[in-house]
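Visitor: Taken in order, these protein sequences are the chains called B and C.
The numbering used here puts the first residue of the first sequence at 33, with every later residue one more than the last.
The numbering used here puts the first residue of the second sequence at 29, with every later residue one more than the last.
We treat Cβ as the ideally placed atom computed from N, Cα and C, and that holds for glycine.
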Amino acid sequence: MSHAPTMFPARVTSRADIEAEISRRLGAERARLEGEAGLRTRPVEHFKRPAELPFTADQRDRVTILIGGLTWKHDALIRAAMQSAGYRVEVMPIPDVPAFQIGKEYGNNGQCNPTYFMVGHLIQFLQNLERQGMSRKDIIDRYVFFTAGSCGPCRFGMYEAEYRLAVQNAGFDGFRILLFQQTDGVKSATGEPGLKFTVDFGMGAFAGLNFGDVLNDVTYQIRPFEAQAGETDRVVDECMAYLGSRMREREMYDLRKSTSFIGSRMAKKPKLEGIFNTLGKVHDHLYGRQTDETLRHLRDRLATIEVDRLRVKPIVKVTGEFWAQTTEGDGNFHMFSFLEREGAQVIVEPIGTWALYMLWLAKATHASKKGLNGQGWKHELQHRLKQGYFALGRRFYAHQYRRVVRALGDIAHPLISLEELATLASPYYNVFARGGEGHMEVAKNIYYTTHKKCHMVLSLKPFGCMPSSQSDGVQSAVMSHFKDMIFLPIETSGEGEVNAHSRVQMALGEAKIKAKAEFQQALESTGKRLDDVRAFVADHPVLRNPFYKVPHRHGITGTAATFVLHVSDLMDGKARWAATPKKTAPVTDKAILKQAS
Amino acid sequence: MANTQYLVGLDVGSTTVKAVAIDATTDEMVWSDYQRHETKQPEKTLEFLQRLEADLQIGPDNCRMFITGSGGNTLAPRIGAKFVQEVTAVSLAVEKLHPEVNSVIELGGQDAKIIVFKEDSDTGRKKKIPSMNDKCAGGTGAVIDKINAKLKIPVEELGRQRYDGIKLHKVAGKCGVFAETDINGLQKEGTPPDELMASLFDAIVLQNLTVLTRGNTLRPHVLLLGGPNTFIDGMREAWQANIPKVWKERGIEVPQGETPQTLIKTPKNAQYFAALGAVEFGKAEDDTVGRYLGMTDLEHYITVGRLEEKAASGGRGLSASVDELATFKEQYKPKRFVAPPLPAGASVQGFIGVDGGSTSTKAVLLSPDGDVLRKVYQLSKGNPIQDAIDMFTSLRSQVEEAGSTLEVLGVGTTGYAKDILRDVLQADAALVETVAHTESAIKFYNDPHVIVDVGGQDIKLIVLTDGRVKDFRLNTQCSAGNGYFLQSTADSLGIPLTEYADRAFAADAMPIFGYGCAVFMQSDIVNFQRQGWAPEEILAGLAAVLPKNIFLYVASIPNLAKLGTRFILQGGTQHNLAAVKSQVDFIRSNFRGASVQPEIIVHEHCGESGAIGAAVEALRLWKNGHRTTFIGLNAVEKISYRTTRNEATRCYFCKNNCLRTFIDIKMNTVAALDGSAAIVDKPADETPKAVAAAPLKFVSKVPKADDEQRLIISTCEKGSVEDVEAMRTIKAGLDSKKKSHPNFVDIAAREVWRTRSPESVADPLPKPRAWDRAGRARLDAMTRRGALRIGMPRVLNMYTYAPFFSGYFESLGVLGGNLVYSDFTTNELYREGAGRGAIDPCFPAKIGIAHVHNLLVAKHAKKKLDYIFFPMVDTLHTELTHLQGSNACPTVTVTPETAKAAFTKEGDIFTEQGLVYLNPILNFDDLPLLKRQMFQTWAGALGLSEDENARATETGLRELAAYEADIRRRAREVLDELERENRIGIVLLARPYHHDPGLNHEILDEFQKLGYPVFTQSTLPLDDDLLERFFGDEVRDGVIPGPKAITDVWKNCYSANTNLKVWAAKLTARHPNLVALEMSSFKCGHDAPIYSVIESIIEKSGTPYFSFKDIDENKPTGSIKIRVETMHYFLKRYTEDKQRKKDAAAAIDVELAAYEQRLRAELLQAEEFAEVSARGRETFKGRMLPLIPVPAQSACESIAAD
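1) Per DSSP, C:Leu-251 is paired with what?
2) Where does C:Cys-1112 sit, in a helix, a strand or coil, going by DSSP?
3) Find the nearest neighbour of B:Met-235 within the set B:Arg-466, B:Leu-391, B:Tyr-429, B:Ser-600, judged by alpha-carbon distance.
4) Roughly how many angstroms lie between the CA atoms of B:Thr-612 and C:Thr-1086, to the nearest whole one?
5) Can you tell me whether B:Arg-535 is buried or exposed, with buried defined as 16 or more other CB within 10 angstroms of its CB?
6) When the Cα atoms are used, what is the spatial distance from B:Glu-281 to B:Trp-386?
7) DSSP state of C:Ser-728, grouped into three classes?
8) Are the C-beta of B:His-366 and some C-beta of chain C separated by less than 8 Å?
9) In terms of residue numbering, what span does the alpha helix (DSSP H) encompassing B:Met-630 cover?
10) In three-state DSSP terms, what is C:Phe-681?
11) With DSSP collapsed to three states, give me the class of C:Tyr-1133.
12) I'd like the span of the alpha helix (DSSP H) that includes C:Arg-334, first residue to last.
13) From C:Gly-87, C:Arg-278, C:Gln-138, pick the residue whose C-alpha is nearest to that of C:His-881; which is it?
14) Taking only beta-carbon positions, decide if B:Lys-80 is within less than 8 Å of chain D.
15) How would you label C:Ser-341, buried or exposed, when you count the other beta carbons within 10 angstroms and need 16 or more for buried?
16) For a cutoff of 8 Å on Cβ pairs, would you count B:Ile-50 as touching chain C?
17) Can you name the residues of chain C whose CB is closer than 7 Å to the CB of B:Val-76?
18) Anything in chain B within Cβ reach of C:Trp-1078, meaning under 7 Å, just list it in chain order.
19) Here's a check: name, in chain order, each residue in its chain whose Cβ is nearer than 8 Å to the Cβ of C:Gly-876, leaving out the five neighbours to either side.
20) At a CB-CB cut-off below 7 Å, which residues of chain B make contact with C:His-1114?
21) Going along chain B in order, which residues have a C-beta closer than 8 Å to the C-beta of C:Gly-243?
22) Taking C:Gln-235 and C:Leu-224 to be in contact with their CB atoms under 8 Å, please state how far apart those CB atoms are, rounded to whole angstroms.
23) Where B:Gln-159 and B:Val-176 are concerned, what is the direct C-alpha to C-alpha distance, given to the nearest angstrom?
24) In angstroms with no decimal places, state the Cα-to-Cα distance between C:Thr-853 and B:Phe-79.
25) Please determine, among C:Gln-63, C:Tyr-1021, C:Arg-996, C:Leu-1105, the residue with the shortest C-alpha to C-alpha distance to C:Leu-1054.
26) Give the DSSP-derived three-state secondary structure of C:Val-719 in the structure shown.
27) Once the 5 residues before and after C:Pro-869 are set aside, which same chain residues still bring their CB inside 7 Å of it?
28) Which whole-angstrom value describes the C-beta separation of B:Arg-331 and B:Ala-239, a residue pair presumed to lie in contact below a C-beta threshold of 8 Å?
29) Which residue from C:Asp-222, C:Asn-212, C:Leu-567 puts its Cα closest to that of C:Gly-187?
30) Do the segment 1067 to 1074 of chain C and the segment 995 to 1012 of chain C make contact, defined as three or more Cβ pairs closer than 8 Å?
31) Establish whether the CB of C:Arg-1188 and some CB of chain B are separated by less than 8 Å.
32) How would you label B:Arg-373, buried or exposed, when you count the other beta carbons within 10 angstroms and need 16 or more for buried?
33) Using a Cβ-Cβ cutoff of 7 Å, what residues of the segment 934 to 966 of chain C are near chain B? List them in chain order.
34) Report the residue ranges of all beta strand (DSSP E) runs contained in full by the segment 833 to 903 of chain C; include only those spanning at least 3 residues, in chain order.
35) Please report the straight-line C-alpha distance between C:Asn-474 and C:Val-624, rounded to a whole angstrom.
36) Apart from the five residues just before and just after B:Gln-253, which ones in its own chain have a Cβ nearer than 6 Å to its Cβ?
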C-alpha cells in the first residue's frame, strides 16, 4: 500500500505546528485508507421527530382553521363561535368509510377505530383541496388543523403524533397539527398564538357546546313522534342556520360602549375596566338579550312540529366511547338513524357529560390525595378551597346547561350527576382507572336501567378502544346482577355495518317487547280503549305540542305509556294540564332571519 | 285478525329455505317444508310461495307473512312480509315450545349463535343474552361444509357420523382453513375420515364454548338448533359430551334422573324454529303488519331487479379498455423459458436447488456461471422426499436426453421441507425461504425492495433494505386467500387454470369481494352466483381481491410507498396474468410516493425463484471453496424410506408431548451405490435444530432395521432423539450455551419472583408479654401475618413489581413461602381458565382471568389461600426524565376488574371458596399516595400501623431497586463482553410482561441457542459512563435535556412502558453491538402509535431491526421458525461484516502508527533543520549562510533511537 507523498511544510514555526500537521496528514491518510477498505461511511444521523411549525397571530387573516369530529350541530356552532371571534374556520364533513380506509393507509398499523376515521378524514380533506387545484404548499401554508390533546391514558393522547405521521406519509409534510389541550389551553411554539382564548371566544364556544347538546337531545326526542315525516329535520335545519348566523353576527359586549351610569364610569378606570369588561361579557353571553331572544325563537320554531306520542317505541340510551357515541356517520354505522328507522327513540349523550367528568375527575383525584402533602389548617384550607373551585365549576356548568334546557322547551334531559355515576360504578369498576369511558359506561348502564329511563342501553365501542372494551368485560357481571337489563355492546370497526345492525335488531326486538308490554299494561290499567285516548288527543292540539311536558310516572319508562296514563288522568279529570311554553313575539331582526333562511 | 287465515313463517338462511304455515285459528302447523336452495334463495322462496298458494290458496286477503334469516331482509319488502331478526324469532319459538330451556345453541351455515336465558325473579320474565360470531367463519357450519368437501363423506353418512367412542385428534376449530391444514396433515398420515370429522366436531364445540358464550354458563336445559345440530348425530353428541364438563367445573347441579342426552337435546321440528318464531312475533303485531303481497314483485326481482342490483353493486372489469389490456399483456407477457442447448456427449456441471413447498416442489439446475440450465415443477404428491427424488430424476433425464451427463457440484434446499431434504440428500445448504427468495431476486434484478411471493398456501411479503430482509409478513394466522384458493375456485367453476386469466380478462364487470377470510369469500362466491354473476366475472373479482389480501389483510401495509419502489412478484401464482394485473394495478394505485412511480417486475422464473435462491447459495459456497457432500444422483434414485407419525412417535421429554415424524432411510443402499458416508456431521451452526440423527442402538417404540438411518422431525432439539441419555447430552449442550449467552428475558422472568427476605420493619412486639389489649392485638396480628397466604397472578405488571410486593409483605412478617404466584402462562393454563372471559382484549390482558382461575383451582385447592391480590397498577415508577407521565396501559390497569367480574357474575366464587379478592389501584410514581393505597388495602388484614406500612412500602421499593440494579449490573457485564469480543446482542423491545414465556412463545430462547445474548428494555444498564458515551454530546448540544430523556424523538410521552421502549430503542441504535427485536401483542394500544417511531430510530442508525408484532395466543411456530432463521442468516452476515471492518480498521491503525512514526521523524528533522537555519541566520546576520545537507534517513533513525 502506498502512502501519499510526504510534503514539508512551507514554513514550520513551532512544535505545535508540527503536531497539527501530523494530525492533518494522519487524518487524510486515515480517510484514504478507510475509503479503500470500504470503511468510510456517512456519519450516523439519529432520528429526530419532525419539527412543529407554529400558527401565529399574524397568520390569522390568511390561515383557515379546520375543525371537526363532533356532531354536525356542535361543529357548526363551534365554527360560528370562532368566526364571531374573527377566525377563518372550516368544518370538515362527517368522517366516512373512505376516510377510514385512508386513515389505515397512512397511519401506523393497529390503531383504534376513531384514530383511523379522524386521521383519514383530515387527509381526505387535504387531498380534496389538492384535487380542486390548490398546491400542497398553499394547503400547508393556508390551513391548520386543531385537535383535542390529552395526557393519557389511552392512545387518544397520542393522536397528535398519529395525525403528524399520516399527513407526512400523505405528502403534506409540515402541515400544522395543533393541540387544543384539555388542560393547557391552546399551545403554540413561538410568538403570540394564532388561536387565542378570549372571553368572547371562550363563552361562544361554551354556548355552542351547550346549544348543540340540548338541540341534539330535543331533536331526538321529537323526531320519532313527528306527525309529518321529515318535519323535524326541516325545522331543525332552519333553526341551526338561524342559530349559526346569530352567533356569528353577535354583537359583543364592550364596556366602553356602555351607556349605563356604572358602565361608563368603570370604563374610565383602567384598573377596573378589564375586570368589569370581562364580567360584562360573561353576563351578556349567558343572560344577555341576544341569547334569550335567539333561544326563544328556536323554541317557538320547534314548537310548530306536531307529535304523536301514542306511538309505542322502545327508548334506547346510547353510550360508549366518546367519539363513537357522538359521530353521526359511518363511524358508528349510522346507528342513530338506524335505531330510529327501526322504531326506537334514542337518548343521545351530551358532550356536557364529558366536561363534567373532567371536573369530577379533577375534584375526586384531588380529594383522594388530601393530607398527603402536609397537615394542619393551612393545608386544610387550601384543600377545601380547591375542592370548592371544582364544585363551583361543576355547578356553574350544570346550571347553565339547565338554563338552556329550560329555554329550549324543557324536555331535554338534564346532565347526570357524576357523583352518582361514580357510586354506581364503584362495585364493578374502579373510578380512578382513568379513561372515562370505563366506569361511566358501567355506571350509565346501571343508572338508566335502575331509574327506568330507557328500555335498552346500547354501547358503541370502537375497535381497539381500551377503556371501553375493558368496561365491557365488567358489564357481563353487571348484566347478571341486574336481571331486567337489556344491554348490547357493539364494536364499531369501520366495516360490517349489516352485521352490527343485525345485532342491534336482535336486542331491539327484546326492547320492543318490553316497551309494548309496558304500554299494554299501562293502557289496561286505565281501563280505556286506545281509540278513545286517540280521539281525546285529537281534540286537544296542545297534547300534540312537542313541548307539552308530560309528567313523569314513577316506574314507567316508555313515552307512549307515560303519555297514555297522563291522558287518561286528564280524561278522568284527575290531572292538571301541564304547561306548554308560551309563544313569544317573533324576532325582529329580519336581516338575520333572511340570512338564516 | 278477522280475515287472517294463515300466518306464514319463512326462514331464508344461507344454505336452506324453511317455511311453516300456521292456521291462525287453531294455531296448528298445517304446512311445512325445508330445502337447500343451492345458492338460489329468491328462486327457492318463490317456489315455496307457489306451492303455498297452490296447497293452501294463500293470498293477500287471508295471509300474513313473517320472514327471518340472513336472506330475509332483502326479500321481505318484495312479498309484503315483515322481517323478524333471527335471534328474536328463535327466542320466541323457544319460549313458547320449550319454556324449560335456559340455553340455545344454533349452528347455521355461516353463523353460530348462543342465546342464554336468565330469569328475573321479580318480573318472571326471561332475559335473553344472545351472542353471535362476527366476521369469522370459525365454529360455524361453513367449516363442516368446507372440510366435508375434502373428506367427501356422503350427506346421509355425515348425518349418521358419530362422536362418542371415536378417536379424536387435535384440529383447529377457530378457522376453517386452519382446520383444513390440520386435517390435511392427519389425512396424509392415514387418519380415517370419521375420526377427522369427529375431531372437527370437537373443535367446533370447544371454539364456541370458549368464545361465543362470553363467559356465561350454558345452563340446562340446552336446546340444539340449526342444520348441523339437527342433522348430524355426532355434532349433538359432541355438545352432550363437552357441556357437562363445564357444569361440573362450575358447580351446576344436574336435575335428578336427567342425563346429558335429556338435558342437551334437539327438539322436534328443530329446523323450523326460526320460522315458527317469526310467526310468534307476527301474532303480537297489528293485523295490518306482514300482509302478503303476492309473488309479482319477487318474480320481477328474479328476472329484472336482481340484474340491476348486480350492476349497481359490481365494479368494472380487470382492465379499463382493450388497449390498456394489450399494453399490460405486452409488458408482462411471460418470457418463455428456452432451455439452453447442452454439449452433447459432454459432462454438464451444475448446482441444483430444490424448493420443497407445501403444495408443489420445484427444482432448478444452475450452471457454474449462474445461468438456469433446466428447471422442473410438480404438484406435491404428499411426501417431500419422494417429490425431491422425482425432481432429481427429471433433471437428470433432461440432461441425458440432450446426450450429456450431469455432474452435480452442489445442492441447496429450501421450502418447508428444506431440513429433511438437506439431511436425506446431504445437501450443502438449507436456506430459509425468505433468504432463498431474496437471493433469487437479487440475482436477477438490481436492488429489489419488496418481494411479493404468492405460492399455493402461503403469501409472503418480504421487505428488503440494502439486500437484507428487514421484515416479512406471512399468512400464518389466517389463510385469507392464496394461490390454491384461486385454483380451487377455477376448478369448482369448471374452468381450467390455464384459461383463468383469459376468462377473467373477458369479464367487463365483476363482483366486489370483501377481502379477508377465505371461508367467507367462499360464501361470497355463492351469493354472487345467486345474484347472477357469471363464472368469469367471479374469477375476475377473485383476482382483484388478491392484492387486497396480500397488502391489506396479510401485510397490513396499505401505503406501499413506505416499502420502496422496486417490487418483484414471485411464486407460482404469478403465472396467472389476471392475478398479476390486479397486483400491478393495486400497487400503482396505492403508491403514495410524491413523484416516483413503482417499478413492478414479475420474476422471469417466478415459480422456481425459491429453488434458484437455494442453488445460488450452493454455488456461492462452491466458489468459497466448499466441496459438495451431496450423496449423488444414483444414490438419490435408490433412496428407500418410510415415514411414521403416530402415538409411538410422541415425545415425552417435556410436558408438551409433541407428535414427531420419523423418517427411516435405507442407508446401506445409498452408501453402497455412491460409496459416500450416509450422514456426515455438519458444522455446529448448520446443524438443524429440528432434525438430527438418532443413535442406532436405542430400542425404539417404532421398530427400525439396522440398515436404516432414522431422521426425527420434531419441534425442538430435545425431541430430535429417542434415548433419554442422548436427550440429556443435548440438553447439557443447550444449558452450556445458555450459560455463555445469557438471555435476560428468561433471567428476569425467573428471578423477579424470588423472595427478597428483607429485614423486618414490623412494629416491635410487646416485651416481655402483652399485658394490655393493644399488646395482645399486636401479638395476634403478627401471628396472623405469619400464617397468611396471599395468592398473586403471575401476569402483567407483576412482572415488574413482584420484588416490591415480596419486600413489602415479607418485611411485615408474611412468610416468603406464603406468597403464592400462579403458574407460568401455558396454553393449558389459558384454555382452562379463559372460558369465563367476556371480552377479547390483547392476550396479556386476556390471560388475567386464566391466572386467577389457576390460583383458585390449582393453588387454593391444594393449600388454602386467604387472599388473591391482583393490584391495578395505574402509574409506574421510571428512571427516565422529562416525561409527560408514567401511566400504565388502561387495558392492563383494569384487567383485575374484568377478572373479578368473571368470577362474581354467576355467584361470588371468591366468597364461596372462602377467600378475599383484593384489587386496589396503585400509583408507583407517587410514594405518599402509594403508601396510603397499600395501607387502605392491607391495614385490616395485616393489623397494620401507618408507620409500619410506610416502612414496608419503602422497603418494598428498596427491594425493587436492588433487584433492578442487580440485573442491570449483570447485563452490563455481558454488554462489555460483547464489545470486547465484537459480538452481537439482541435487545428485546417489549414490555416487561413480555418476559412471560407464555406470551413471548419463548422466541428469544431460539436466539439464545443460536449464540446471541438477549437483553430487554427493562434490563439495559443505566451506568453513567454508558449514558455519557452515547448521549453526552446530545445533552451538551441541547438536543435532549438529559441522557434519559426521549423528547427528541417522541412527544406524547405519558405511557411508562412505551417511553421505556423508545429510550431502549435509542440506546440500541447508538450501541455498536446491539440489534433490535421489537415485539408487541396484537391489539396493543400503546405500542401501535410508536411502531414507526421505533422503526425510524433503529433504522436511521443503520442498526438491524426485526419485529414480531401482533403476537397473540396462537404460537405461530412456522412463522417463528422462518423469522428466526432469516434473522440469524442476516445477523451472521452483519457480524461477519462487522468483523471484517474491525480487522480492516485494526490493520489501518497499525499502518497509520508506522506512518505517524515516519512522518514525525521527517517533520522533526525539518524543524531541527529550520532551527539550525534560523540560528545560523541569527549568527551570520547579513552574511551568507552555507547550506549543509542533512540526510533524512539518518535523522529519522536518530529520532527513533532517542
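Guide: In this structure, then:
1) Answer is C:Val-132, C:Lys-293.
2) Looking at C:Cys-1112 - three-state DSSP - the assignment turns out to be coil, as it is neither helix nor strand.
3) Per the Cα distances, B:Tyr-429.
4) Taking the straight line from one Cα to the other gives about 57 Å.
5) Classification for B:Arg-535: buried.
6) Pairing B:Glu-281 with B:Trp-386, the inter-Cα distance amounts to about 29 Å.
7) Residue state, collapsed to three classes: coil.
8) Closer than 8 Å: no.
9) This structure cannot speak to residue 630 of chain B, because chain B is shown only from 33 to 629.
10) Assigned with DSSP and collapsed to three states, C:Phe-681 falls in coil, not helix or strand.
11) C:Tyr-1133 falls in the strand class under three-state DSSP.
12) Under the DSSP assignment, C:Arg-334 falls in the alpha helix (DSSP H) whose first and last residues are 334 to 341.
13) The candidate whose alpha carbon is nearest that of C:His-881 is C:Arg-278.
14) This model lacks chain D altogether, as its protein chains are B and C.
15) The Cβ neighbour count for C:Ser-341, taken over all protein chains shown within 10 Å, is under 16; the residue is labelled exposed.
16) Interface annotation, B:Ile-50: in contact with chain C, CB-CB separation under 8 Å.
17) Neighbours of B:Val-76 across chain C, judged by C-beta separation under 7 Å: Ser-1129, Gly-1130.
18) Going along chain B in sequence order, the residues near C:Trp-1078 (Cβ under 7 Å) are Arg-81.
19) Excluding five sequence positions before and after C:Gly-876, the CB atoms of its chain that fall closer than 8 Å to its own CB belong to Pro-821, Val-823, Leu-824, Phe-898, Thr-923, Pro-924, Thr-926, Ala-927, given in chain order.
20) One finds Arg-187 in chain B with Cβ atoms closer than 7 Å to the Cβ of C:His-1114, taken in chain order.
21) Correct list: Ser-508.
22) So it is not a contact: roughly 16 Å between Cβ atoms.
23) Rounded to whole angstroms, the gap between the alpha carbons of B:Gln-159 and B:Val-176 is 14 Å.
24) So the alpha carbons of these two residues sit roughly 37 Å apart.
25) Of the candidates C:Gln-63, C:Tyr-1021, C:Arg-996, C:Leu-1105, C:Arg-996 places its Cα closest to the Cα of C:Leu-1054.
26) Confidence in C:Val-719 is poor, its pLDDT being 42 and thus under 50, which makes the residue's placement too unreliable to answer from.
27) Cβ neighbours of C:Pro-869 beyond the five flanking positions: Thr-919, Lys-1111.
28) B:Arg-331 to B:Ala-239, Cβ: 16 Å. No contact.
29) Considering only alpha carbons, the answer is C:Asp-222.
30) No, the segment 1067 to 1074 of chain C is not in contact with the segment 995 to 1012 of chain C.
31) Chain B contact via Cβ: present.
32) Residue environment: B:Arg-373 is assigned as exposed (fewer than 16 neighbouring CB atoms within 10 Å of its CB, all protein chains considered).
33) Answer set for the segment 934 to 966 of chain C: Glu-934, Ile-949, Pro-956, Leu-957, Arg-960.
34) If only uninterrupted beta strand (DSSP E) runs of at least 3 residues are considered, those enclosed by the segment 833 to 903 of chain C are 847 to 849, 895 to 897, 900 to 903.
35) For C:Asn-474 and C:Val-624, the gap between their C-alpha atoms comes out near 17 Å.
36) Cβ within range, chain order: Ile-443.
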